[in-house]
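Protein chains in written order, with the numbering used here: chain A, 1 to 544; chain B, 1001 to 1451.
Note that beta-carbon positions come from the ideal geometry of N, C-alpha and C, so glycine has one too.
Below you'll find the structure, written out as structure tokens, and then a few comments.
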Ligand code: SF4
Ligand code: SF4
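Structure representation (structure tokens):
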């Protein structure tokens, strides 16, 4: 397998080549979703078309609104019973496939993640309505599990037959005396999972966040938003925070529990990892309760150090700053040493990342630390702000699909709003480099002449691979075997395959080793049998 | 529709949704791209699921309907989607399955397709194989069976062929390869439908293949109406809904309904049918496999005899496993399935009634919650089924799970699990015996070196 491009590839030419194969209408659309990265004089990136509908018949990486809501955001919470209201498939396919881990405080504590509850609608329910069955399902789940909260998730047919899931939730809440809430996250509602994230954010905010005002112990209290504990990432970070003396009030939603959500408004800072899936909660908490948010990234050794320093800087406490520095001083050299070890196998090689709404950006850090270059990247379901930065938000066109999704009107809570910093303090922090409410996006940080491709499809991936012969391609399991058939290893970055954790210092070292294993494996050289390497020889051998 | 279940909801289902089965069947037709008419989420989920079992590329296209289409109908998107699939894949056939969404809004696929044909009749159109697959009635097996019937419905003609039809049901790629070997041993030309032995378990590619190579050739399906006979596996099938049934009704192709040839006796029955069709006696190589199997059953009887076993999975698979379990000396205590054909109980009785002193409990239309509930009092020593029963059943009860069927995503090599024929029985028997031995060894303080 070659790891360096045989000859230099001109990305603009490649783009033209890719587009030429499409019918004119498709080509026009795709041309706005495929960009050769170039920043203007102000350091701003170009405009990319994203968060638009996938073209029918063209196979996409994307999932549906329900997947984003039930699977991504609520899936990792262990003690809410999630009931899928719909026919059996939707629930079945979202049953523990993301490798979110959870650690209940005791073996007896509630953990419903191994269960997949569904109303399993039948023909009768479709014709006559499914509310009755839903009510019964909620009752059954309550009788069987006795949970403190139940979430109801709508699938496509539910919206179409007009079941009022919210009314059922209200009634059952009253009847059972526990929290019951519903999500109108029918798969067809948005263009991808992304709509489901938003719906999940809204309902959590309306029905759970802020329910518990008991004060949380701790001097430096934060929430970690957009961290889903794939492969144990959250465990790694939790330990890191503990060592630094930072109190983690809640995580949305890796290794999380209902009670954490309920008191998350008591934290003094929200740290956002995956901007796409959770920024709405960060914004709403700030408006209603006053805690500001910053963007963090715990993927990569340097990035982890930087994010910890930002948190310490925000609290401005000398002791905390020292403690954080001590942890960094202890951990970072180990990470550096691990990078040194893999450098001979990884340096100079090419990577491509097409995944999610933040990982295609965050993981570039790790490749950078390994001396690898990210030559092409793109998101599966992100929006313009994830590519170009939040400063473009005012100019993002709201299309019909996004208009479907409620924007909650949030106001400061008269009793509970508490500004965490004075305007002067905030200003001083900003001057010192702490950026609030900002995500600069992926494109700013990518080199010029790299390719940015939104919602990539098979055909385009194949063209990229053929031209660049990258050493590793990062995407999900759906893409994995096509890419590997072509002799290029694929690293799953949705659920990490069997690996992880990759977050924090320990995670970074894990990732280096995993990539080194992938790019140096002998297996790829066996794809051709020895006699195939040398055509003349094989000819004589066969015919004589 | 649960038989006598106290629950209306489903917890940890023991079935998958209808269009997934249809997609699997379509993957076994050469040059065919499965296509779901509905929102893209269903296609993505199903691809993900099928891929994690087979570890192969699986493309399933979709008409990617949005809210607007859900309200006003998805015809335009369907047509656009079909054109794009033709264009990008050069598909020879498109297996078009509906989803709950398009079934609920009542999209008239037949009508949309006839419009499509008249609008684009000037292009060379692939064969479009439409099947209606609402998940709110049926399971993945109904989708599987329905898709095959649809394929035959559209394609089959009367042209004569010496090849017998083998409708082998939802089996593994290794099983299909083994069926080919068996037919070859009988010198009997055969059309196996579906044949995903290459498409879902193929090698590395020299260059990018838009559609995975392999599958039952379309020309062969066209000739299925002129075949001397059809062998159709599955004791719980209703011929009125199968491809074999259609071939018999429409073309008079004699349908021989058999059980999935799992275990000794069901394989014997299959071999007898092949002897009859080919006019040959059991080939030596297969005879030797049979002899080895019987020998192993004798040698290994001490490990398995009297052990209580719990079986779950698709109905026909469960029937085959029950038959196998009974004949090797296991005691099946529960045979369970998420499917509800209404024929599971009688089929289990038919294959094990003459061997077992007591019939096992049979539960159809159940989920793992109920299976686990029943299992508590049944004290099984062994479980036969797919990966889905691991956590709530095998792990909870601390009982070995021998993984068979679909999905298997916590073991490697699912495509190469062999269930059928004497060889399949041999492999199953070895695995069952070893699972029991391993458990005994692990649980004992003595640490047996010989066992
Ligand atoms: S809507 Fe129907 S077809 Fe789609 S995943 Fe759900 S059950 Fe399956
Ligand atoms: S039916 Fe709708 S909610 Fe269910 S998987 Fe398909 S797109 Fe998603």
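Check                                                                                                                             : Outcome
Chain A contact for residue 1024(B) (CB, 8 angstroms cutoff)                                                                      : no
Spatial neighbours of residue 489(A) in its chain, beta-carbon cut-off 6 angstroms, leaving aside the 5 residues before and after : 472 and 518
Pick from 66(A), 162(A) and 448(A) that is closest to residue 128(A), judged by C-alpha positions                                 : 162(A)
Contact under 8 angstroms by Cβ, residue 1367(B) with residue 1010(B)                                                             : yes
Closer than 8 angstroms to chain A by CB, residue 1100(B)                                                                         : yes
Three-state secondary structure assigned by DSSP to residue 548(A)                                                                : Outside the modelled stretch of chain A, which goes from 1 to 544, sits residue 548(A), for which no answer is possible.
CA-to-CA distance, residue 1322(B) to residue 1348(B), given in whole angstroms                                                   : 7 angstroms
Delimiting residues of the alpha helix (DSSP H) encompassing residue 1328(B)                                                      : 1315-1328
Residue 1136(B) Cβ short of 7 angstroms to ligand 2 heavy atom set                                                                : no
Proximity below 8 angstroms, CB of residue 1267(B) to CB of residue 1421(B)                                                       : yes
Per-residue DSSP class, three states only, for residue 165(A)                                                                     : helix
Backbone CA spacing between residue 1275(B) and residue 1235(B) [nearest angstrom]                                                : 21 angstroms
Beta-carbon spacing of residue 184(A), residue 85(A) below 8 angstroms                                                            : no
Closer than 8 angstroms at the beta carbon, the chain A residues around residue 1056(B)                                           : 481
The region 1108-1121 of chain B / the region 1186-1194 of chain B touching (three or more Cβ pairs under 8 angstroms)             : no
Beta-carbon proximity list for residue 420(A), same chain, < 8 angstroms, skipping 5 on both sides                                : 268, 269, 290, 291 and 292
Residue 474(A) - DSSP class collapsed to helix/strand/coil                                                                        : strand
Own chain, CB closer than 7 angstroms to residue 1149(B), minus 5 neighbours either side, in chain order                          : 1241, 1242, 1243 and 1246
Residue 271(A) - partner residues in DSSP beta bridges                                                                            : 224(A) and 294(A)
Check: residue 86(A) C-beta below 7 angstroms from any heavy atom of ligand 1                                                     : yes
Start and end residues, beta strand (DSSP E) containing residue 1232(B)                                                           : 1229-1233
Helix, strand or coil at residue 1281(B) according to DSSP, with G and I counted as helix                                         : coil
Alpha-carbon to alpha-carbon, residue 72(A) and residue 78(A)                                                                     : 13 angstroms
Best match in 232(A), 246(A) and 157(A) for proximity to residue 217(A) [C-alpha to C-alpha]                                      : 246(A)
Closer than 8 angstroms to chain A by CB, residue 1131(B)                                                                         : no
Any non-hydrogen atom of ligand 2 within 7 angstroms of residue 1064(B) CB                                                        : no
C-alpha distance - residue 360(A) paired with residue 496(A), whole-angstrom precision                                            : 13 angstroms
Distance cut-off 7 angstroms: residue 1457(B) Cβ against heavy atoms of ligand 2                                                  : Here chain B covers residues 1001 to 1451 and nothing more, so residue 1457(B) does not appear.
Start and end residues, alpha helix (DSSP H) containing residue 510(A)                                                            : 504-520
Whole-number beta carbon distance between residue 1030(B) and residue 1217(B), since they are thought to touch under 8 angstroms  : 5 angstroms
Inside the region 1129-1210 of chain B only - alpha helix (DSSP H) runs reaching at least 4 residues                              : 1140-1155 and 1173-1185
Beta carbon proximity, residue 1008(B) to chain A, threshold 8 angstroms                                                          : yes
Whole runs of the alpha helix (DSSP H) within the region 1239-1274 of chain B, excluding any shorter than 4 residues              : 1243-1251
Same chain, Cβ closer than 6 angstroms to residue 1438(B), neighbours up to 5 away in sequence not counted                        : none
Residue 192(A) Cβ short of 7 angstroms to ligand 3 heavy atom set                                                                 : Among the ligands in the structure shown, ligand 3 does not appear; only ligand 1 and ligand 2 can be found there.
Straight-line gap, residue 114(A) to residue 1174(B) (C-alpha atoms, nearest Å)                                                   : 31 angstroms
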